[in-house]
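Only one structure is covered here, and it is reproduced in the block below.
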Amino acid sequence: MEARKAARRLGRRRDARSDAARARRGARRDGRQQRQQERAREQCVPHGAHRYEKRSSGTRVLRPKAGAATASLPHDVRVPRTHELDATTVHHVWDNAIPPRIEIDPGDTVVFRCRDSSDGYYRRGMTSADVARRVSKGHPLTGPVGIRGARPGDVLQVDVRE
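Count along the sequence shown from 1, add 29, and you get the number used in the numbering used here.
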């Protein structure tokens, strides 16, 4: 009763409805906090580091906070790497018997250097007879790329950035 009188004196109304609303807000806040904690656990952000960049593939690059000791980072945190695949070696068929030129971990980035579809055959000043003489081997393909842990039938997410 005293609390109700004090609330009225302060211009606030304290009744069952406001208590219920306060409980709902608290439950939402608790639920939000719980979801944030679960997300942090899923992302495996170690103590002393923060998320620096979220890549479209879902991987994260971890950088230490200013002043944080890097020794506190766990050894199992893997920072995604960028690989470059040049166009010196190409093939002209889709064949799973061709061994991968490189093998990457999930979340890594691969920069492909590709040849054009004519494999450099067409040039300025060519005549129609020159073009007609071309025997096409097919489109030159760069790769293949193997992904560690992937098995036949797995669905892979590939993000083309450029």
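Where a beta carbon is used, it is the ideal one built from N, C-alpha and C, also for glycine. No experiment lies behind these values; they were computed from the predicted model shown.
Selected residue, minimal CA-CA separation from residue i, among the options
{"i": "I176", "options": "T138, S147 and A158", "result": "T138"}
{"i": "G172", "options": "R163, G182, R153 and W123", "result": "W123"}
{"i": "R110", "options": "A126, I131 and P181", "result": "I131"}
{"i": "P181", "options": "N125, R61, H121 and Q65", "result": "N125"}
C-alpha distance - residue i paired with residue j, whole-angstrom precision
{"i": "E67", "j": "D115", "result": "41 Å"}
{"i": "S157", "j": "T118", "result": "29 Å"}
{"i": "V174", "j": "V106", "result": "23 Å"}
{"i": "Q186", "j": "I133", "result": "14 Å"}
{"i": "A161", "j": "G154", "result": "14 Å"}
{"i": "R163", "j": "V108", "result": "46 Å"}
{"i": "V140", "j": "Q63", "result": "39 Å"}
{"i": "D195", "j": "R61", "result": "Here the chain has residues from 30 to 191 only, and residue 195 is not among them."}
{"i": "G77", "j": "R144", "result": "At G77, the pLDDT of 48 sits below 50, so the modelled position is not reliable; the number obtained from the coordinates is stated separately. Distance between the alpha carbons of G77 and R144: 44 Å."}
{"i": "Q65", "j": "H120", "result": "47 Å"}
{"i": "D159", "j": "R190", "result": "36 Å"}
Cβ separation of residue i and residue j, assumed to be a contact under 8 Å, to the nearest whole Å
{"i": "P135", "j": "G178", "result": "6 Å"}
{"i": "E113", "j": "R142", "result": "7 Å"}
Residues bridged to residue i (per DSSP)
{"i": "V119", "result": "T171"}
{"i": "Y114", "result": "What sits at residue 114 in the sequence shown is Leu, not Tyr. For L114, which the question treats as bridged, DSSP gives the partners F141."}
{"i": "I133", "result": "I176"}
Next item on the list: Determine contact between the stretch 142-149 and the stretch 162-169, defined as no fewer than three beta-carbon pairs at a distance below 8 Å.
Entry: Enough Cβ pairs lie closer than 8 Å, so yes.
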